[in-house]
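J.:
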Amino acid sequence: MKVSDILRVKGNTLFTITPDDPLAEAAKTMAEKDIGSLVVMEHGDLVGMLTFREVIVAVVNNGGQVGTTLVRKAMDDAPVTCTLETDLDEIRRIMLERHARYMPVMDKRMLMGVISFYDVAKAVVDAQNFENKMLKAYIRDWPEDESNEKAG
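In terms of our numbering, the sequence shown opens at residue 36 and continues consecutively.
1) Under a Cβ-count criterion, where at least 16 other Cβ atoms within 10 Å of its own Cβ denotes burial, should residue 61 be classed as buried or exposed?
2) Rank 135, 40, 141 and 36 by C-alpha distance to the C-alpha of residue 88 and give the top, closest one.
3) Can you tell me which residues form a DSSP beta bridge with residue 145?
4) Can you tell me which of the three DSSP states residue 52 falls into?
5) Tell me which same chain residues have a C-beta within less than 7 Å of the C-beta of residue 68, skipping the five on either side of it?
6) Out of curiosity, what's the CA-to-CA distance linking residue 125 and residue 109?
7) Just to confirm the assignment, what range does the alpha helix (DSSP H) spanning residue 92 have?
8) Since residue 118 sits in a beta bridge, which residues does DSSP pair it with?
9) Going by Cα to Cα distance, which pick from 146, 112 and 115 is closest to residue 79?
10) DSSP has residue 105 in a bridge; who is on the other side?
11) Which residue's Cα is closest to the Cα of residue 42: 73, 141, 86 and 163?
12) In terms of residues, what are the limits of the beta strand (DSSP E) holding residue 76?
13) Using a threshold of 8 Å, state whether the C-beta atoms of residue 131 and residue 37 are closer than that.
14) Counting only C-beta atoms, is residue 145 closer than 8 Å to chain D at any point?
15) With which residues is residue 81 paired in a DSSP beta bridge?
16) What does DSSP give as the partner residues of residue 37 in its beta bridges?
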């Protein structure tokens, strides 16, 4: 399974913000949309990711206030990315290694979507459930006379 398969099921709704937007506005957008990340874009290019983790760190570092902090100061300016062709096993490895909960999907310089750790976990569970159904159907439909022969 590839990242393109996950995006096909998930859809490609994207929420973006610029680095010069107030962090308070970003936090408000994340809360209103019930999302855990925003892609930070500048002049059509991906320049960072802002997740709830960066927002919390910025608030703590600012004495419990968002204040006038800009997204630029809080964002991850070197987010790990993947492509539409990246394999699901590779995505799992990268996300676990880098503790990345969200990953922008790029096609050259064009942002195609964002996948989350949840999206990856759901894809794995769905694939396992499908395989399980196929195995159960195969065993259920196994001819009676062959089952004894193959089992022994």
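Glycine is no exception: its CB is placed at the ideal position from the N, C-alpha and C atoms.
T.: On the basis of the coordinates in this document:
1) Result: buried.
2) Residue 135 holds the alpha-carbon nearest to the alpha-carbon of residue 88 among 135, 40, 141 and 36.
3) Partner(s): 142.
4) Strand, per DSSP.
5) Counting only residues of its own chain and dropping the five nearest sequence neighbours on each side, residue 68 has a CB closer than 7 Å to the CB of 50.
6) Roughly 28 Å between the two C-alpha positions.
7) Element bounds for residue 92: 87 to 96.
8) Residue 118 is bridged by DSSP to 141.
9) Among 146, 112 and 115, the Cα nearest to that of residue 79 belongs to 146.
10) DSSP lists 57 as the beta-bridge partner residues of residue 105.
11) Taking only the C-alpha atoms, the option nearest residue 42 is 141.
12) Element bounds for residue 76: 72 to 77.
13) No, the pair does not count as a contact, with Cβ atoms beyond the cut-off.
14) This model lacks chain D altogether; it includes just one protein chain.
15) Paired residues: 76.
16) In the DSSP output, where bridge partners are listed per residue, residue 37 has 122.
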